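> So the sequence shown is numbered by our numbering: it starts at 62 and just counts up by one.
Shown below is the structure under consideration.
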Amino acid sequence: MKIKVISFDVDGTLVTPLFADTIWLEVLPELVAKHHNISIDEAKCKLYNNYNEIGPKRLEWYDINYWINKYGLDVDAKKLLSKYKHLVTLYPEVIEVLEELVKKYKLIIISNSARLFLEITTEPIKEYFSHIFSTISDFHSIKDSWVYLEICKNLSILPSEIIHIGDSYELDYINARKAGIIAFHLDRSGKLCSCNTISNLKELLNKL
Numbered sequence: 062m063k064i065k066v067i068s069f070d071v072d073g074t075l076v077t078p079l080f081a082d083t084i085w086l087e088v089l090p091e092l093v094a095k096h097h098n099i100s101i102d103e104a105k106c107k108l109y110n111n112y113n114e115i116g117p118k119r120l121e122w123y124d125i126n127y128w129i130n131k132y133g134l135d136v137d138a139k140k141l142l143s144k145y146k147h148l149v150t151l152y153p154e155v156i157e158v159l160e161e162l163v164k165k166y167k168l169i170i171i172s173n174s175a176r177l178f179l180e181i182t183t184e185p186i187k188e189y190f191s192h193i194f195s196t197i198s199d200f201h202s203i204k205d206s207w208v209y210l211e212i213c214k215n216l217s218i219l220p221s222e223i224i225h226i227g228d229s230y231e232l233d234y235i236n237a238r239k240a241g242i243i244a245f246h247l248d249r250s251g252k253l254c255s256c257n258t259i260s261n262l263k264e265l266l267n268k269l
């Protein structure tokens, strides 16, 4: 079956974690500390514990407005994220790879990030993508196998006509394969070695 679509995760795949980590691990704790008149360390302890209690399989984990409301913060999420958009950093090979792939394939994004985050993180590269899917915002779900199938239906393609690449072994690799999609696990550490693992996106070009 001919491949028609190539799909990418975003954080850890196309962009470094710097922007997201700064928001979740530094900026929000600072706002909580100031609002509740506690130390930064106390705020981090509270937030990090709450993050762990919720966990990445619940939608609230990805929803910045949930955390803003939970701690009673008087901030606008969109303005807050925009303030730090200069921290969005592409991995070095991304533009070169996208330039090559877009000549032959339709490119899309499938990410767990909420739409508010994706509007910021994909801004430098959005011209390459025909669709940008936020599973949280668009399907109210993490990247489960049924979400991949729904996206295939949305695009009027078969699962065998799409390749997905991402850095989460479970969400990007296992769940995509459960849906019948060809998937590659991106391990930028280079520690894992298998025919379906790549250590940077340039290696994908040799797999096609």
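All C-beta atoms, glycine included, are put in the ideal place defined by N, C-alpha and C.
All values reported here derive from a predicted model rather than from experimental measurement.
Thinking just about the alpha-carbon of each residue, which of Lys-252, Ala-244, Ala-175, Phe-80 is nearest to the one in Val-149?
Nearest C-alpha to Val-149: Phe-80.
> Could you tell me which residues DSSP puts in a beta bridge with Val-163?
According to DSSP, which records beta bridges pairwise, Val-163 is partnered with nothing at all.
> Using DSSP with H/G/I as helix, E/B as strand and the rest coil, what is Thr-183?
coil
> Under three-state DSSP, which class holds His-97?
helix
> Ile-242 and Ile-223 look like a contact to me (Cβ under 8 Å); what is the Cβ gap, rounded to whole Å?
5 Å
> Check the C-beta distance from Lys-139 over to Leu-177 and give it rounded, since I have them as a contact under 8 Å.
6 Å
> I need the straight-line Cα distance from Ile-186 to Ala-104, nearest angstrom please.
34 Å
> Which residues in the same chain as Ile-115 place their Cβ atom closer than 8 Å to its Cβ, once the five residues preceding and following it in sequence are excluded?
Glu-121, Trp-122
> DSSP on Ser-143, reduced to helix/strand/coil?
helix
> Our contact map puts Glu-154 next to Leu-269 with C-beta atoms below 8 Å; I'd like the distance itself, whole angstroms only.
Glu-154 to Leu-269, Cβ: 15 Å. No contact.
> Would you report the Cα separation of Lys-164 and Ile-170, rounded to the nearest angstrom?
17 Å
> Excluding five sequence neighbours on each side, which residues of the same chain lie with their C-beta closer than 6 Å to the C-beta of His-96?
Leu-134
> Mind checking whether the beta-carbon of Ser-68 lies closer than 7 Å to any heavy atom of the ligand HEM?
The ligand HEM is not part of this structure, which contains no ligands at all.
> Where Ile-67 and Ile-197 are concerned, what is the direct C-alpha to C-alpha distance, given to the nearest angstrom?
20 Å
> Quick check on the burial criterion: 16 or more other C-beta atoms within 10 angstroms. Buried or exposed for Thr-74?
buried
> How many Å lie between His-225 and Ile-203 at the Cα?
15 Å
> Can you give me the Cβ contacts of Leu-151 inside the same chain, cut-off strictly under 8 Å, excluding the 5 residues immediately before and after it?
Leu-75, Val-76, Thr-77, Pro-185, Ile-186
> With burial defined as no fewer than 16 other Cβ atoms inside 10 Å of the residue's Cβ, what is the status of Asn-110: buried or exposed?
So Asn-110 ends up on the exposed side.
> Count the other CB atoms within 10 Å of the CB of Ser-172; is the residue buried (16 or more) or exposed (fewer)?
buried
> Return the first residue and the last residue of the beta strand (DSSP E) that Phe-194 is part of.
Per DSSP, Phe-194 belongs to the beta strand (DSSP E) from 192-195.
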